[in-house]
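**Student:** Can you keep this structure in mind? I'll have questions shortly.
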């Protein structure tokens, strides 16, 4: 009976483990980067496992965040004070601007080591989600989580689906 229900139980266990892993990774990455979890969650996607395709994937995509996305970003006399990676520092010559309703931190472009008088300007970027999530210590933490969580989920799903199948007979 367990062999009959194993594909379904395995897919369900993979999906539950991946959902829990996504939550944990979003929390960890957001805390490490110094951004709100919502901005990390919007750039995380999960594809679920099925009985036919026994693989669940979790992806983090997107470019680096503008400095305005970080908690407590503000204009100061020397430039912009922001806290990417949780470390507050002043980014000289930066300024906060609103373009099309979006708050951004920009900087005048340098040419030959000197700041250009007015234009062009470029955005100032901090860390990216994909790069932060791919760090070795976070990868090791994810592997540890999967090794502890997946067997428990699989056992639970097998017990549940076997009991449902026995009730039907």
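Residue numbers (the numbering used here): 913 to 1081. Glycine is no exception: its CB is placed at the ideal position from the N, C-alpha and C atoms.
Mind pulling the beta strand (DSSP E) runs of 3 or more residues that sit fully within the region 942 to 970?
**Tutor:** You should have 956 to 959.
**Student:** Nearest by alpha-carbon distance to residue 979: which of 997, 973 and 968 is it?
**Tutor:** As a first step, residue 979 must be located in the chain shown, where it is residue number 67. That would be 997, whose Cα lies nearest to the Cα of residue 979.
**Student:** By how many angstroms is the C-alpha of residue 1005 removed from the C-alpha of residue 965?
**Tutor:** Along the chain shown, read from residue 1 onward, the residue named residue 965 stands at position 53. Along the chain shown, read from residue 1 onward, the residue named residue 1005 stands at position 93. Rounded to whole angstroms, residue 965 to residue 1005 spans 52 Å at the Cα level.
**Student:** What do you reckon, are the CB atoms on residue 922 and residue 1066 nearer than 8 Å?
**Tutor:** Counting from 1 along the chain shown, the entry for residue 922 is found at position 10. Counting from 1 along the chain shown, the entry for residue 1066 is found at position 154. Yes, the Cβ-Cβ distance between residue 922 and residue 1066 is below 8 Å.
**Student:** Among the candidates 1022, 1024, 972 and 1011, whose CA atom is the shortest distance from the CA of residue 1041?
**Tutor:** Translated into the one-based positions of the chain shown, residue 1041 becomes position 129. Per the Cα distances, 972.
**Student:** Does DSSP put residue 999 in a helix, a strand or coil?
**Tutor:** Position 87 of the chain shown, counting from 1, holds the residue named residue 999. Residue state, collapsed to three classes: coil.
**Student:** Of all the options 1050, 1035 and 1054, which has the alpha carbon lying nearest to the alpha carbon of residue 977?
**Tutor:** Mapped onto the chain shown, residue 977 falls at position 65. Answer by Cα proximity: 1035.
**Student:** Any idea if residue 985 is buried or exposed, counting beta-carbon neighbours within 10 angstroms, 16 or more meaning buried?
**Tutor:** Taking the first residue of the chain shown as 1, we reach residue 985 at position 73. Buried is the call here.
**Student:** Here's a check: name, in chain order, each residue in its chain whose Cβ is nearer than 8 Å to the Cβ of residue 988, leaving out the five neighbours to either side.
**Tutor:** Taking the chain shown and counting its residues from 1, the one referred to as residue 988 is at position 76. Correct list, in chain order: 1002.
**Student:** For the pair the region 1058 to 1077 and the region 917 to 934, tell me if three or more CB-CB distances fall below 8 Å.
**Tutor:** Touching, yes.
**Student:** Hey, how far is the Cα of residue 937 from the Cα of residue 963?
**Tutor:** What you label residue 937 is simply residue 25 of the chain shown in a count that begins at 1. What you label residue 963 is simply residue 51 of the chain shown in a count that begins at 1. Using only the alpha carbons, I get a separation of about 25 Å.
**Student:** Where residue 1052 and residue 1062 are concerned, what is the direct C-alpha to C-alpha distance, given to the nearest angstrom?
**Tutor:** Within the chain shown, the letter at position 140 stands for residue 1052. Within the chain shown, the letter at position 150 stands for residue 1062. In a straight line, the C-alpha of residue 1052 is about 15 Å away from that of residue 1062.
**Student:** Pull up the distance between the alpha-carbon of residue 1068 and that of residue 1013, whole angstroms please.
**Tutor:** Counting from 1 along the chain shown, the entry for residue 1068 is found at position 156. Counting from 1 along the chain shown, the entry for residue 1013 is found at position 101. Each residue's Cα considered, the two are about 48 Å apart.
**Student:** Roughly how many angstroms separate the alpha carbons of residue 992 and residue 945, rounded to a whole number?
**Tutor:** Residue 992 sits at position 80 when you count from the first residue of the chain shown. Residue 945 sits at position 33 when you count from the first residue of the chain shown. Rounded to the nearest angstrom, the two C-alpha atoms are 17 Å apart.
**Student:** In chain order, what residues of the same chain lie with their CB nearer than 7 Å to the CB of residue 1032, ignoring the 5 residues before and after it?
**Tutor:** Here residue 1032 corresponds to residue number 120 of the chain shown, with the count starting at 1. Closer than 7 Å at Cβ, skipping near neighbours: 1021.
**Student:** When burial is assigned at 16 or more other CB atoms within 10 Å of the CB, is residue 1017 buried or exposed?
**Tutor:** Residue mapping note: residue 1017 aligns to position 105 of the chain shown, counting from 1. Under this definition residue 1017 is a buried residue.
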